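Chemist:
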Amino acid sequence: MINVDTLSAPVLREDYARSARLQANPLREQAPAARRRAHFPDAPLISSQPLRYNVQLNHQLTRVQMADRFLHAAENQLLRLDQASDRRGGRLHQLQQTQALLAQRSRLSGNSVNRQLQVTLEGKPQVSFQLRDGKALLNPAKSEVIVFSLAGDRRELSAAAIAADSSPQQTLIGLNQALGKWGIHGKITAQHDLLFEVDEAQWPRVANHLSVQGGGVRYPQGQFFPLKPLADDTLDDTIARALAHSDRSGALQTHVHRALANIAQQRQQLVRTLGQVQQRVDSMATLSGGQAYHTAESVAQQLRAPGYLDVAKALGAQANLAVTTVRNVLSRQ
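What follows is the structure, encoded as structure tokens:
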């Protein structure tokens, strides 16, 4: 209960006056609070290059640009490596420069170029790998419970129950259900090989800490057996071997030439992708250059008209913005 005796007359008069104003014009009293909450212009919509038509398109543009810049830098570096000679340590220096550039691939490309220097504009870069004796997993055999273990920061277990005489497709479904816990997905290739994929970020853990325990049919029983997945050879691996063993054979040069041909193909694809994006941007335009100018001139004439202040007040009331803010925004051509 409120003690009326503690309320002074001035306070009561002020509350009464405020109540009367709210009944007469409730929006007028609420506008200052709304203006304090509003921030104009909205910071996320400001861009030095105003291409913010939608989040998806802007994200795609960013990935295309970052992928092309990295591939351009990699192409130039590989050309320098290909032309380097052994005199005065020139070849060794270029090997080290190439290795340093490839080590920053994820950051410089914005995760839009994978280990094979292939552009991946949708989703995350993947690593393809096979398991030792992977084909044996698909061969019909007795029923068996296979337990996979993934160690590292923490140890996790996941099991797959393989039925007796199950088909390769049924076995694959069970393996995907067990390994899918860690983002590993398998498929059967046209050559009937078992091929798996996993995110690049997860690959170091999978490569070093994936093990399995079976029931004595496909894998040993009683202890976990390291699987040691085998990934496709990359340019990074070839350069690391060349640095470690001073490889002077033609293997490095062959891999460099293959990488240069792949980069040229990927950059051509990026050019086509950028053209498609530009078509989407153009399709969003509702006014041509001349139409936009005449429209802006017409708006400017209306702003110079005597009724501008009334229009500004109306806009300010609808958007809960101060008149000065509306004037600053709309009065500029």
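Going left to right, the sequence shown walks through residues 49 to 381 as the working numbering numbers them.
Just so you know, even glycine gets a beta-carbon here, dropped at the ideal spot from N, CA and C.
Since the structure is predicted, the reported quantities are computational estimates derived from the model, not experimental observations.
1) Who pairs with Leu205 in a beta bridge, going by DSSP?
2) Thinking C-beta only, is Thr286 closer than 7 Å to His303?
3) Leaving out the 5 sequence neighbours to the left and right, which residues in its chain are closer than 8 Å to Ala207 when beta-carbon positions are compared?
4) Can you tell me whether Asp116 is buried or exposed? The criterion is at least 16 other CB atoms within 10 Å of its CB, across all chains shown.
5) Under 7 Å between the Cβ atoms of Phe244 and Gly234?
6) Measuring alpha carbon to alpha carbon, tell me which of Tyr267, Ala122, Gln145 ends up nearest Ile210.
7) Tell me the DSSP secondary structure of Gln174 in three-state form.
8) Any idea what DSSP makes of Ser259, helix, strand or coil?
9) Can you tell me which of the three DSSP states Val329 falls into?
10) Classify Pro268 as helix, strand or coil using the three-state DSSP reduction.
11) For Val46 and Trp230, I'd like the C-alpha separation in whole angstroms.
12) Pair every Cβ in the segment 117-130 with every Cβ in the segment 149-165, then say whether three or more of these pairs are closer than 8 Å.
13) Using 8 Å as the threshold, is the segment 178-187 in touch with the segment 238-256, meaning 3 or more CB pairs across them?
14) Nearest by alpha-carbon distance to Asp201: which of Phe177, Ile232, Lys190, Asn256 is it?
15) At what residues does the beta strand (DSSP E) containing His233 begin and finish?
16) For Arg139, count neighbouring Cβ atoms within 10 angstroms of its own Cβ and tell me buried if that reaches 16, exposed if not.
Modeler: By the coordinates alone:
1) For Leu205, which the question treats as bridged, DSSP gives the partners Ser197.
2) yes
3) Val193, Ile194, Val195, Phe196, Ala226
4) buried
5) yes
6) Tyr267
7) strand
8) Strand, per DSSP.
9) helix
10) Three-state DSSP puts Pro268 in coil, outside helix and strand.
11) Not covered by the structure: residue 46. The range shown for the chain is 49 to 381.
12) yes
13) yes
14) Asn256
15) Unbroken beta strand (DSSP E) run through His233: 233-236.
16) buried
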